[in-house]
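First up is the structure itself, then whatever we jot down about it.
Protein chains: 2
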Amino acid sequence: MNLSFIGLGIMGKPMAGRLLEAGNDLYVYDKNALSSIKELESKGAIPCKNPKDAAEKAKVVFIMVPDTPDVEEVLFGDDGVEKGIKPGSVVVDMSTISPVATRNFAERLRLKGVEMLDAPVSGGEIGAKNGTLSIMVGGKEEVFQHIRPYLEILGKSIIHIGKNGDGQVCKMANQVVVALTMLGVAEALVLAEKAGADPAKVREALLGGFAQSKILEVHGERMLKGMFIPGFRTVLHRKDIKIALNTAQELCVSIPGTALVHEIFNALIAHGGADLDHSSIIKVIEALAKKENF
Amino acid sequence: MNLSFIGLGIMGKPMAGRLLEAGNDLYVYDKNALSSIKELESKGAIPCKNPKDAAEKAKVVFIMVPDTPDVEEVLFGDDGVEKGIKPGSVVVDMSTISPVATRNFAERLRLKGVEMLDAPVSGGEIGAKNGTLSIMVGGKEEVFQHIRPYLEILGKSIIHIGKNGDGQVCKMANQVVVALTMLGVAEALVLAEKAGADPAKVREALLGGFAQSKILEVHGERMLKGMFIPGFRTVLHRKDIKIALNTAQELCVSIPGTALVHEIFNALIAHGGADLDHSSIIKVIEALAKKENF
């Protein structure tokens, strides 16, 4: 099958690589990542000159770019996918972007006879390389079933949540839960240590009860060891949290805990944490506690 | 062995009952719960007229009362434990109270030749009845080993965290993590629903990734079903959060997420949620979202 892949960054490059290794004819485009294009070309991918070109070549167009405006530009920009794509094709947007914008994009593509799936992922670079991503899908059931074999090359847990945008809603909910759980773990570990207990023992005890979480297990350990190699970068989690806050505002929903985490991520980024793992949020909580006077 | 148990409320009564059924001679006291005293008496427990009296009768004195001032009154009040207890005895305080106060109480008892363990629990009324509590213990290792057989009658997971007060620190950390995880789950589920996705599907998908937690599993389901029979009452979780905030203040630690949850619990209690399960926090988040104009 002819596939296109647009966006060859930290996530997109290994994902495109897996689709290629699975024996698909792969057309690739990225507006910047020349070395990624060369690397994929050396493995048999065919570079395209713009998203329009990539869309003309394939029946399924995958997109993996940073944010909502990037997806909009790829789809509807001057040399966008919309200009080249044929009716009956499918766009699979695996970026993490606004669910409201996603529904708008899906409507606009449908006018051209093109179906779209939103299929944001979690699992990070390692998941992208190993094909163990969690993929949360929004869009029509029959389109999902049609595209599923490709998603299975990329991920381990592939769940169809509902209609267009629902995959993005699920990802957004995921990022909200992860952020607040992480804040809870950070505050608890700092408080425990300042209160004179061994935070490692506390974490161990907490894993056996209602405080148990994947975050306490994985990111709690990173916090204790001060190991903040990403993983998932703070700046990207802040972006995802911003999507949740913007969506909440559009829908007249108030999510005060999420808003607080956003501010704490701002402080973390202000002090050099942008490219650290998001579990480095504990550095902000540590910095808030007494060490010395101003 | 002669044991005393002071505080026969929702948790204390079944815990005392288990110690009795295990064949110990049990002396009991509660300043209010006359029906609980009668019930335990009918099973062989011996009622005492005050904490002093209860302490005179036994080598190990268990305490399970609501809050820090209650423990202080039981220990050091007019007819308190301190007045009756013999050197070489052990006080096991299973209440959830201030770790700072706990260390002070342990010091004061040590002056009388009495050792203390702080041994707060999690697992609720069901855990108390079934002997499946998690027990987080602070105090000297040899005292812990001496008392352990009794704790094993009451709990399943019994962890010695460290010195006096460290059990309370661990419980406090537990309550912070649980509260913020719960807030995250509540905000995510409300946002997902308002954004048009099926929150049950979202919860299911999230359980497979980094958003996984015991809270998402157990309390997330309660939220979806609107089943708020406790479980653990909001008013008690607010009390525990208040202990964390007070401790943080004493130690010059800032825990903004925990402070926010405390305010949200206040709102929940203001609107009749005091005796609902703490997962009813979602009702506050739902109430914050648009339904109709003021």
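Taken in sequence, the protein lines are chains A and B. Under my numbering, the first residue of the first sequence carries the number -4, and numbering increases by one thereafter. Under my numbering, the first residue of the second sequence carries the number -4, and numbering increases by one thereafter. Note that the Cβ used here is the ideal one computed from N, Cα and C, for glycine as well.
Out of B:Tyr22, B:Glu245, B:Ile153, B:Ile148, the CA that lies nearest to the CA of Ala53 (chain B) is found in B:Tyr22.
A distance of 7 Å or more separates the beta carbons of Gln163 (chain A) and Thr63 (chain A). Not flagged as an interface residue toward chain A: Asn241 (chain B), since no C-beta distance is shorter than 7 Å. When C-beta atoms of the region 116 to 136 of chain A are compared with those of the region 147 to 155 of chain A, three or more pairs fall below 8 Å, so the two segments count as touching. The Cβ-Cβ distance between Gly226 (chain A) and Asp270 (chain A) does not fall below 7 Å. At a cut-off of 7 Å between beta-carbon atoms, Ala187 (chain B) makes contact with chain A. CA-CA distance, Ile32 (chain A) to Val256 (chain B), rounds to 48 Å. By alpha-carbon distance to Met89 (chain B), the top candidate from B:Val60, B:Ile41, B:Thr176, B:Ala265 is B:Val60. Between Glu182 (chain A) and the set A:Gly12, A:Ala282, A:Met10, A:His266, the nearest pair of CA atoms involves A:Ala282. Secondary structure note for Ile210 (chain A): its alpha helix (DSSP H) is the uninterrupted segment 209 to 220. Just so you know, the alpha carbons of Ile238 (chain A) and Leu231 (chain A) end up roughly 11 Å apart. Taking a 10 Å sphere around the C-beta of Val248 (chain B), we find 16 or more other C-beta atoms and assign the residue as buried. Not a single C-beta of chain A is nearer than 7 Å to the C-beta of Val279 (chain B). Residues of the region 206 to 236 of chain A with a C-beta atom less than 7 Å from some C-beta of chain B are Ala206, Gln207, Ser208, Lys209, Ile210, Leu211, listed in chain order. In the DSSP assignment, Phe57 (chain A) falls outside any alpha helix (DSSP H) and lies within the beta strand (DSSP E) extending over 55 to 58. By the criterion of a C-beta distance shorter than 8 Å, Leu240 (chain B) is surrounded in its chain by Ile250, Thr253, Ala254, His257, once the five residues flanking it on both sides are discounted. Here DSSP, grouped into helix, strand and coil, assigns His273 (chain A) to helix. In the three-state DSSP reduction, Phe0 (chain B) falls in the strand class (E or B).
Ala192 (chain B) sits close to Ile156 (chain A), with the two beta carbons spaced by under 7 Å.
In the DSSP secondary-structure assignment, Leu128 (chain A) is bridged to A:Gly150. By the rule that beta-carbons nearer than 7 Å mark a contact, Ala192 (chain A) touches chain B. Nearest CB-CB separation between Leu283 (chain B) and chain A: below the 7 Å threshold. With respect to Leu15 (chain B), Asn169 (chain A) sits apart: the two C-beta atoms are not nearer than 7 Å.
Of the other Cβ atoms in all chains shown, fewer than 16 fall within 10 Å of the Cβ of Met(-4) (chain B); this residue is therefore exposed. Taking Arg103 (chain B) as the centre and dropping the five residues before and after it, the same chain places the C-beta of Leu70, Phe71, Glu77 closer than 8 Å to its C-beta, in chain order. Spanning the alpha carbons of Asp25 (chain A) and Ser93 (chain A) requires a straight line of approximately 21 Å. Here Gly83 (chain B) is exposed: its Cβ has fewer than 16 other Cβ atoms, across all protein chains shown, within 10 Å.
Inclusion of Ile1 (chain B) and Ala49 (chain B) in the CB contact set at 7 Å is warranted, their separation being smaller than that value. The Cβ atoms of Met218 (chain A) and Ile264 (chain A) lie no closer than 7 Å to each other.
Around the CB of Pro115 (chain B), 16 or more other CB atoms lie within 10 Å, so the residue is classed as buried. Within chain B, Val172 have C-beta atoms less than 7 Å from the C-beta of Val180 (chain A), given in sequence order. Residues of chain A with a Cβ closer than 9 Å to the Cβ of Ser275 (chain B) do not exist; the shortest Cβ-Cβ separation is about 16 Å.
Annotation: the continuous beta strand (DSSP E) that includes Leu112 (chain A) extends over 110 to 113. For the pair Pro42 (chain B) and Glu34 (chain B), the CB atoms are not nearer than the 7 Å cut-off. Beta-carbon to beta-carbon, Phe57 (chain B) and Val87 (chain B) are separated by about 5 Å, close enough to satisfy the 8 Å threshold. Inclusion of Gly126 (chain B) and Arg13 (chain B) in the CB contact set at 7 Å is warranted, their separation being smaller than that value.
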